[in-house]
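Below is one structure; the comments refer to it alone.
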Amino acid sequence: MFISNQATPAETLAELLAMSSRDETDTARFKAFKHDKHLCPGFRRSIRAMMDAYKSHRTDVQTTQGPRDNGVDVLLTYKYDVESRRVGLQMKSYSEIQDYASGKDPGFVKNLKAQYAAAVQRVDDYYIVLCTDEVAHAGQIQTLSSEIAGWEKLKIILPSQALSFFEMTPDDVRAFVTRLLCEQDAVLEAALAAVDPDRPTESLMKLACVCRLLSTGVAELDDTALTELFVDATGDTSADGLPDLLWDLPTYGLEMIETAGYRIDLALLPSALCAIYFDSLVRHNRSEGEMVDYLARLLGLR
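Here the working numbering is used: position 126 in the sequence shown is 117, and no number is missing along the way.
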């Protein structure tokens, strides 16, 4: 696939952090996550996945993630085209905000300002990421936002936004970046047209047949193998939805054969799905099951 959107890594990270696919009530889950044990590694992992996606499409991307420094929990430094940029993230955990709310840490805001002052001259973009309960700590979030609003280079990430990014899998991130960078690519557009997010079971089965044939070269399936393929692709362990699919075998590249089984026919498979399979295989080198999962995320089926 070709890059049609020249968004920089900093711009893409800003989009990822601005997403809000979680409800405010969901952010209570942050209570279980510790700053050093969970939050910092989790954000580093997601940013690494973002840059991996860039590198899979561009060979001229250079990136490093630096160690923690004064005021910065996660530091991303990269060179992209003629741009060199440093992006710093400072996470604030549930326990930190709770200590501030209860009065246990009366110097919280003062320390936050000191961390900002220590970091801002060394980064181009600075994020304070509030990883806390957006309902329980609504008052503290409002106070913090008013205290630090308008600071140079600073963006505040609310808990619902932070949770959306934190809970993305690495493949979710890679798929998001690929869709963004290649949004007008002909192969991606054709592959998106070949599936239907409103009919995910049928679309996942179609992907599974593509990946089975192209990954293994195995074309023939007996009833047991077909059921296993369906369950692995859709997660429907009861396989209750499989009989309905068998009424329209060619849709999934399948045909009946005389040995009372099924054959995946390459000629019946959507060429766009085959093309995007090979493109993704070269860029990411995945197994059959991993390819089904990644392509499902790339095409908006998961």
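Glycine is no exception: its CB is placed at the ideal position from the N, C-alpha and C atoms.
Residues that DSSP places opposite residue i in a beta bridge
i	result
Leu80	Val65 and Tyr118
Ile38	In DSSP, Ile38 forms no bridge with anything.
Ser75	Lys70
Tyr253	Leu212 and Met247
C-beta atoms of residue i and residue j nearer than 9 Å
i	j	result
Val120	Phe34	yes
Tyr69	Gln131	no
Gly252	Ala216	yes
Ile139	Tyr118	no
Ser(-5)	Leu172	yes
Cys202	Leu286	yes
Val178	Ala44	no
Gly79	Asp116	yes
Val100	Lys144	no
Asp227	Phe221	yes
Ala166	Arg13	no
Ile255	Leu290	no
Thr18	Lys83	no
His26	Ser86	yes
Lys146	Ala(-2)	no
Pro295	Leu67	The structure shown has nothing for residue 295, since the chain only spans -8 to 293.
Thr242	Thr192	no
Val273	Leu198	no
Ala185	Pro261	yes
Leu292	Ser194	yes
Leu30	Asp64	yes
Exposed unless 16 or more other CB atoms sit within 10 angstroms - verdict on residue i
i	result
Glu125	buried
Ala105	exposed
Ser136	exposed
Ile88	buried
Met196	buried
Ser37	buried
Ser271	buried
Pro97	exposed
Asp189	exposed
Leu257	exposed
Phe21	buried
Met247	exposed
Phe380	Past the boundaries of the shown model lies residue 380; the chain is included only from -8 to 293, so the question cannot be answered.
Asp72	exposed
Met10	exposed
Ala182	buried
Ala23	exposed
Asp239	exposed
Thr218	exposed
Thr207	exposed
Ser278	exposed
Thr3	buried
Gln133	exposed
Ser47	buried
Gln81	buried
Residue-chain proximity (residue i, chain C), Cβ-Cβ < 9 Å
i	result
Cys202	The structure shown contains no chain C; it holds only a single protein chain.
- Query: Which full runs of the alpha helix (DSSP H) of 4+ residues lie inside the region 187 to 251, going along the chain?
  - Reply: 191 to 207, 214 to 225 and 233 to 236
- Decide yes or no for the touch test of the region 230 to 241 against the region 149 to 166: beta carbon pairs closer than 8 Å, at least 3 of them. no
- Do the region 96 to 115 and the region 37 to 47 meet, that is, are 3 or more Cβ pairs less than 8 Å apart? no
- Item | Segments assigned alpha helix (DSSP H), at least 4 residues, entirely inside the region 140 to 193 | The DSSP assignment places complete alpha helix (DSSP H) segments of no fewer than 4 residues inside the region 140 to 193 at 150 to 157, 161 to 172 and 177 to 184, in order along the chain.
- Message: Just to confirm the assignment: which complete alpha helix (DSSP H) runs, minimum length 4, are found wholly within the region -5 to 26?
- Response: 0 to 9
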